[in-house]
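**Q**
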Amino acid sequence: MVQNIFAGKKIVIGVSGSIAAFKVAGWVSDLAKEEARVSVVMTSSAAEFVTPLTFAALSGNDVHTGMFGQGKEDPMTHISLGRDVDLVVIAPATANIIAKLASGIADDLLTTMVLATRAKVLVCPAMNNRMYSHPATQKNLKILKELGYDIIDPACGMMACKEEGEGRLAEWDGVKELLAHSLSPQDLRGVKILVTAGPTREPLDPARFLSNRSSGKMGYALAQAACRRGAQVLLISGPSFLTCPRGVTLVKVQTAREMYDAVLAHAADSTVIIKAAAVADYRPETVYEHKVKKENIAKELILERNPDILLELGKRKKVGQVLVGFAAESTNLLAEGKRKLLSKNLDLIAVNDISGDTTGFETESNQILLISASGAETLPHTTKLHSADLLLDRVRQLVGEKP
Ligand code: PMT
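Numbering follows my numbering, in which position 185 of the sequence shown is assigned residue number 199; successive positions increment by one, without gaps.
#1: Might you give, ordered along the chain, the residues of its own chain that have their beta carbon closer than 6 angstroms to the beta carbon of K305, omitting 5 neighbours on each side?
#2: Just to confirm before moving on: does the CB-CB distance between H287 and L249 stay below 8 angstroms?
#3: Does the stretch 317–325 come close enough to the stretch 233–252 that 3 or more CB-CB pairs lie under 8 angstroms?
#4: Could you have a look at P394 and say whether DSSP puts it in helix, strand or coil?
#5: Cβ of D322 versus every heavy atom of the ligand PMT: is any distance shorter than 7 angstroms?
#6: Is the beta carbon of I287 within less than 7 angstroms of some heavy atom of the ligand PMT?
#7: Excluding sequence positions up to five away, which residues of its chain have a Cβ less than 7 angstroms from the Cβ of A39?
#8: Quick one: is the Cβ of G328 within less than 7 angstroms of any heavy atom of the ligand PMT?
#9: Give me the Cα-Cα distance between Q381 and L393, rounded to the nearest whole angstrom.
#10: Label D371 either buried or exposed according to how many other C-beta atoms from any shown protein chain fall within 10 Å of its C-beta, with 16 as the threshold for buried.
#11: Looking only at DSSP bridge pairs, what is K206 linked to?
#12: Here's a check: name, in chain order, each residue in its chain whose Cβ is nearer than 6 angstroms to the Cβ of C170, leaving out the five neighbours to either side.
#13: Rounded to whole angstroms, how far is the Cβ of A34 from the Cβ of A140, which I believe are closer than 8 angstroms?
#14: Identify the continuous alpha helix (DSSP H) that holds E191 and give its terminal residues.
#15: Cβ atoms of V26 and M56: under 8 angstroms apart, would you say?
#16: Taking the beta carbon of N366 as the centre, do at least 16 other beta carbons fall within 10 Å, making it buried, or is it exposed?
#17: So the candidates are Q411, K24 and I111; which of them puts its Cα closest to the Cα of S59?
#18: Which partner residues does A34 have in the DSSP bridge list?
#19: N359 to T300, Cα distance in whole Å?
#20: For a minimum of 4 consecutive residues, which ranges assigned as the alpha helix (DSSP H) are wholly contained in the stretch 324–410?
#21: Straight-line CA distance for A402 to A240?
#22: With DSSP as the reference, label V306 as helix, strand or coil.
#23: Count the other CB atoms within 10 Å of the CB of E343; is the residue buried (16 or more) or exposed (fewer)?
#24: Taking Cβ to Cβ, would you say L208 is nearer than 8 angstroms to P106?
#25: Using only the alpha-carbon positions, how far apart do V189 and L136 sit?
#26: Tell me which residue opens and which closes the alpha helix (DSSP H) that E160 is part of.
#27: Based on the DSSP output, what are the partners of D322 in its beta bridges?
#28: Can you tell me which of V103, A390 and L224 puts its alpha carbon nearest to the alpha carbon of A10?
#29: Could you tell me which residues DSSP puts in a beta bridge with I316?
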């Protein structure tokens, strides 16, 4: 398992003649930073908008523009370029290139390469909104879908021609996530996974609450990684500033009791449940309707226990269901993990050390001590997204082993 899904992947970017070509220069730069091996093919009109030199500098590779020779180019570039590549992305895709691909025309390097490749091809249309909505373009896009191309719908908004509507090149963040999805193994396809994330907030009055340091990063990374691998992901999250990963269904909650209700409502329908949330164990016994004046706040706060969601899930665990807990610990990681694994009837527990500043709460990275009935293993110290993938590798194995 590589740490970064883009690292080492061979991606061909086909650029056609639209002003949006300048945006794709940023895409190429980002993919190169992610250590993808990017080759750029440009049509002659694309080269009118952005010079091949720009793409060569950003990708670190020669840019391919012509079918015939150009001295240094391999005479069979139209075949070799698309061979053994992981992904082809056509961006921006003009109405013209879409029409050519829909009818199988191969009259330049880009269209010929696309016909010759057997890699997945993603098409990112970008054009004036009336050109985009024209029945001819829509018909051609429908043909492309039927032929197995993936179409990334354009965005709405103001265009270079100062008209507003649908036709702007899709935003890179969303496209990048779709690329990551296309490059990921689909080994969790169709598996229903419920992930919880973030803290819960237990109110005292409209201004104050009890909570903890959880940012939601670990849970959101799990949801994102599972979704990329084809799972159907439901994310139940306490308050977090993070954006829900593309393709994931989000249910927002505030308190432990709200999380309890939401999780239990969906538990029976989930094959895998991963509880990365840091649920508050206690809540104030009294919740005041109006803000309590500081002079009137009692020095001792009376608390009552919140339900233990994971304990309840362990009691109700269905045959074939995989139940994964997390544990935030600062001492006795192994012993505490084993105790929680057994007491909550879990298949797996991911223990993270919260005593340092590079693992656990709020950090970008984590190091998980993974414990199951068959033993314990310390996973590498890595990004939370990669930690999530490593944990999901083990989850996938357990799903396969269950009856
Ligand atoms: O969100 P981040 O900033 O990225 O931080 C990630 C994390 C440290 C919060 C996460 O990796 C983590 O360790 N989550 C579990 C934290 C925790 O609450 O541990 P615990 O030992 O108190 O609980 C054990 C398990 O029981 C957890 O799966 C928890 O979700 C569950 N639990 C706990 C209490 C409760 N009332 N109900 C529960 O379901």
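Note that beta-carbon positions come from the ideal geometry of N, C-alpha and C, so glycine has one too.
**A** Put simply:
#1: D219, P220 and A221
#2: The question names His, yet the displayed sequence has Ile at residue 287. Cβ distance not < 8 angstroms, so I287 and L249 don't count as in contact.
#3: The stretch 233–252, when compared against the stretch 317–325, does not touch it at the 8 angstroms Cβ threshold.
#4: Three-state DSSP puts P394 in coil, outside helix and strand.
#5: yes
#6: no
#7: V64, T68, F69 and L72
#8: no
#9: Roughly 6 angstroms between the two C-alpha positions.
#10: exposed
#11: Q246
#12: E180
#13: 4 angstroms
#14: W186 to L197
#15: no
#16: buried
#17: I111
#18: A34 is not bridged to any residue.
#19: Spanning the alpha carbons of N359 and T300 requires a straight line of approximately 32 angstroms.
#20: You should have 347–357.
#21: 8 angstroms
#22: coil
#23: buried
#24: no
#25: 10 angstroms
#26: P149 to E160
#27: Under DSSP, D322 forms no beta bridge with any residue.
#28: No answer is possible for residue 10: the residues shown for the chain start at 15 and end at 417.
#29: DSSP lists no partner for I316.
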